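*Asks:* Take a look at this one; I'll ask things after.
Numbering (our numbering), first residue to last: 513 to 878.
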């Protein structure tokens, strides 16, 4: 018999959001881990707010929202607030009842300064890394480094000579016509009027130059988790210099003892190799043909450990690929290094939570 649509809607419905989420849903394990991380950060949240006044949106929900934005590639916080009105999975993840109203997108903007002032992003990421260490997912001895570019939220039209005011003759103030023909532009003479910290650079020969920031990653080699993701001026420091800084900071913060570090051919130079040797770390970097660098000889290249590092180091590209495509970090939504760094830690922390959830599911099923 053909079924019919009942146009009379129920006036009262009693539902439990818990019943809508399958028991094997990947978000369940991520939520469990994230709740532990946020509970650890509770003293920091207490210092962020005054004891008196009107209650605000719980910071735990705002941080959970940032995790969902990265996991589900939501293009903006405004769109997330719209989806939160009807997405039951999101409401369950945020511990938000059906009868509770959602917040306005401006809530994210108003809390940015508070998050920056109290270093919430770096504390969040550091706690996630410590969780991976405690659960035995990360190596404390073998690492990989690499760098990439994150496109800035600025147009090439904004890249104008330093100190020069934009022309007032163009009738279209929002999108003026600009002619760069026969004009030599460089970071020494030009600067973006939209984001002064962005730098014009390109990843390789034959590639187009864009206003970008430099992103430098540190990966542990056991399961390919991101141990650090640093945003810096794209031209101020070399990849080798940033790699040394990442290794030193990771050794101090997480009490690690790096023994090897892998890298591509961009790290095959005297400064990086000797710097690693001085720190007691074996440099397992891909050698450039016919280039001889003291500290990286055939004995190192032909060792079993070097071959293992060469095979595993490619996994760091999976981290960059995920944060750019799924995490929506191919182009930053923020201006300046400080705010872009905050977003980077939230996205990289989300990647680690997702990765650890998958590892836990594989371990339990195996």
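Just so you know, even glycine gets a beta-carbon here, dropped at the ideal spot from N, CA and C.
Note that the structure is predicted; figures quoted are calculated from it, not measured.
According to DSSP, is residue 525 part of a helix, a strand, or is it coil?
*Replies:* Taking the chain shown and counting its residues from 1, one reaches residue 525 at position 13. The answer is coil: DSSP assigns residue 525 none of H, G, I, E or B.
*Asks:* Under the three-state reduction of DSSP, which class applies to residue 636: helix, strand or coil?
*Replies:* For the purposes of this step, residue 636 is taken as residue 124 along the chain shown, with counting starting at 1. Three-state DSSP puts residue 636 in a helix.
*Asks:* Please classify residue 673 as buried or exposed, where buried requires at least 16 neighbouring CB atoms within 10 angstroms.
*Replies:* Here residue 673 refers to the residue found at position 161 when the chain shown is read from its first residue. Looking at its Cβ environment, which holds fewer than 16 other Cβ atoms inside 10 Å, residue 673 is exposed.
*Asks:* Three or more C-beta pairs closer than 8 Å, one from the segment 836-844 and one from the segment 611-618: is that the case here?
*Replies:* Touching, no.
*Asks:* Hey, which unbroken runs of the beta strand (DSSP E) at 3 residues or more fall wholly within the segment 781-814?
*Replies:* The qualifying runs are 794-797.
*Asks:* What's the gap between the Cα of residue 592 and the Cα of residue 707?
*Replies:* Looking up residue 592 in the chain shown gives position 80. Looking up residue 707 in the chain shown gives position 195. About 25 Å.
*Asks:* Who does residue 725 pair with in a DSSP beta bridge?
*Replies:* Locating residue 725 in the chain shown gives position 213, counting from the first residue. DSSP, once it has assigned bridges, lists 662 as partnering residue 725.
*Asks:* Could you pull out every residue in the same chain whose Cβ sits closer than 8 Å to the Cβ of residue 628, ignoring the five residues on either side in sequence?
*Replies:* Within the chain shown, numbered from 1, the residue matching residue 628 stands at position 116. Excluding sequence neighbours, residue 628 sits near 850, 851, 854.
*Asks:* How do the segment 659-675 and the segment 695-705 stand: do at least 3 beta-carbon pairs fall below 8 Å, yes or no?
*Replies:* Contact between the segment 659-675 and the segment 695-705 is present, because at least three Cβ pairs lie under 8 Å.
*Asks:* Between which two residues does the beta strand (DSSP E) holding residue 921 run?
*Replies:* Only positions 513 to 878 of the chain appear in the structure, and residue 921 is not among them; the question remains open.
*Asks:* Exposed or buried, which one is residue 800 when buried takes at least 16 other CB atoms within 10 Å?
*Replies:* As a first step, residue 800 must be located in the chain shown, where it is residue number 288. Exposed.
*Asks:* Cα-Cα, which of 797, 825, 802, 828 is closest to residue 814?
*Replies:* In the chain shown, residue 814 corresponds to position 302, counting from 1. Measuring from the Cα of residue 814, the nearest candidate turns out to be 797.
*Asks:* In the DSSP assignment, what residue or residues form a beta bridge with residue 843?
*Replies:* Within the chain shown, numbered from 1, the residue matching residue 843 stands at position 331. Paired residues: 663.
*Asks:* Closer than 8 Å by C-beta to residue 595: which residues in its own chain qualify, once you throw out the five before and the five after it? Chain order, please.
*Replies:* Residue mapping note: residue 595 aligns to position 83 of the chain shown, counting from 1. Hits under 8 Å: 586, 602.
*Asks:* Can you check which of these residues, 872, 864, 873, is closest to residue 638 by C-alpha distance?
*Replies:* The residue you call residue 638 lines up with position 126 of the chain shown. Cα-wise, what sits closest to residue 638 is 864.
*Asks:* Going by DSSP, name the residue or residues bridged to residue 656.
*Replies:* One-based indexing of the chain shown puts residue 656 at position 144. According to DSSP, residue 656 bridges with 731, 774.
*Asks:* Looking only at DSSP bridge pairs, what is residue 711 linked to?
*Replies:* Position 199 of the chain shown holds residue 711. For residue 711, which the question treats as bridged, DSSP gives the partners 724.
*Asks:* Using alpha carbons as the reference points, say which of 664, 538, 728, 688 lies closest to residue 779.
*Replies:* The residue labelled residue 779 in the question sits at position 267 within the chain shown. The option with the nearest alpha carbon to residue 779 is 728.
*Asks:* Quick one: what's residue 673 bridged to in DSSP?
*Replies:* In the chain shown, the residue the question calls residue 673 occupies position 161. According to DSSP, which records beta bridges pairwise, residue 673 is partnered with 702.
*Asks:* Closest to residue 661 by C-alpha separation, out of 746, 719, 805, would be which residue?
*Replies:* If you number the chain shown from 1, residue 661 lands on position 149. If we check each option's Cα against that of residue 661, 746 comes out closest.
*Asks:* Between residue 549 and residue 640, which are expected to be in contact by the criterion C-beta below 8 Å, what is the C-beta distance as a whole number of angstroms?
*Replies:* Position 37 of the chain shown, counted from the first residue, corresponds to residue 549. Position 128 of the chain shown, counted from the first residue, corresponds to residue 640. Confirmed, Cβ separation roughly 6 Å.
*Asks:* Classify residue 687: buried if its beta carbon has 16 or more other beta carbons within 10 angstroms, exposed otherwise.
*Replies:* On the chain shown, residue 687 is found 175 positions in, with the first residue counted as 1. So residue 687 ends up on the exposed side.
*Asks:* Which of helix, strand or coil does DSSP assign to residue 562?
*Replies:* As a working note, residue 562 is residue 50 in the chain shown. Note: residue 562 maps to coil in three-state DSSP.
*Asks:* Can you confirm whether the segment 643-654 touches the segment 712-722 when touching is taken to mean that 3 or more C-beta pairs between the two stretches lie within less than 8 Å?
*Replies:* As far as the Cβ criterion goes, the segment 712-722 does not touch the segment 643-654, which means the pair count is below three.
*Asks:* In three-state DSSP terms, what is residue 749?
*Replies:* Within the chain shown, residue 749 is the residue found at index 237, counting from 1. In the structure shown, residue 749 sits in coil (DSSP, three-state: anything other than H, G, I, E or B).
*Asks:* For the segment 545-561 against the segment 802-812, do three or more pairs of beta-carbon atoms, one drawn from each stretch, fall closer than 8 Å, so that the two count as touching?
*Replies:* Verdict: no, contact absent.
*Asks:* Would you kindly report the start and end of the unbroken alpha helix (DSSP H) that includes residue 877?
*Replies:* The residue given as residue 877 occupies position 365 in the chain shown. Element bounds for residue 877: 849-877.
*Asks:* What's the C-alpha gap between residue 556 and residue 620?
*Replies:* Position 44 of the chain shown, counting from 1, holds the residue named residue 556. Position 108 of the chain shown, counting from 1, holds the residue named residue 620. Residue 556 and residue 620: Cα-Cα distance of roughly 18 Å.
*Asks:* Assess, as a yes-or-no matter, whether the segment 816-830 is touched by the segment 563-574 under the definition of 3 or more beta carbon pairs within less than 8 Å.
*Replies:* The segment 563-574 is not in contact with the segment 816-830.
*Asks:* Does the Cβ-Cβ distance between residue 824 and residue 752 come in under 8 Å?
*Replies:* Reading the chain shown from its first residue, position 312 is the one you call residue 824. Reading the chain shown from its first residue, position 240 is the one you call residue 752. For residue 824 and residue 752, no; Cβs fall outside 8 Å.
*Asks:* Alpha carbon to alpha carbon, how far is residue 576 from residue 605?
*Replies:* In the chain shown, the residue the question calls residue 576 occupies position 64. In the chain shown, the residue the question calls residue 605 occupies position 93. Roughly 8 Å separates the two Cα atoms.
*Asks:* Measure the CB-CB distance between residue 748 and residue 541 and report whether it falls below 8 Å.
*Replies:* Numbered from its first residue, the chain shown carries residue 748 at position 236. Numbered from its first residue, the chain shown carries residue 541 at position 29. The answer is no: Cβ separation not under 8 Å.
*Asks:* Closer than 6 Å by C-beta to residue 581: which residues in its own chain qualify, once you throw out the five before and the five after it? Chain order, please.
*Replies:* Within the chain shown, numbered from 1, the residue matching residue 581 stands at position 69. The residues are 592.
*Asks:* For residue 666, which residues in the same chain have their Cβ closer than 6 Å to its Cβ, ignoring the five residues on either side in sequence?
*Replies:* Looking up residue 666 in the chain shown gives position 154. Once the five neighbours on either side are set aside, the close Cβ partners of residue 666 are 704, 706, 707, 710, 723.
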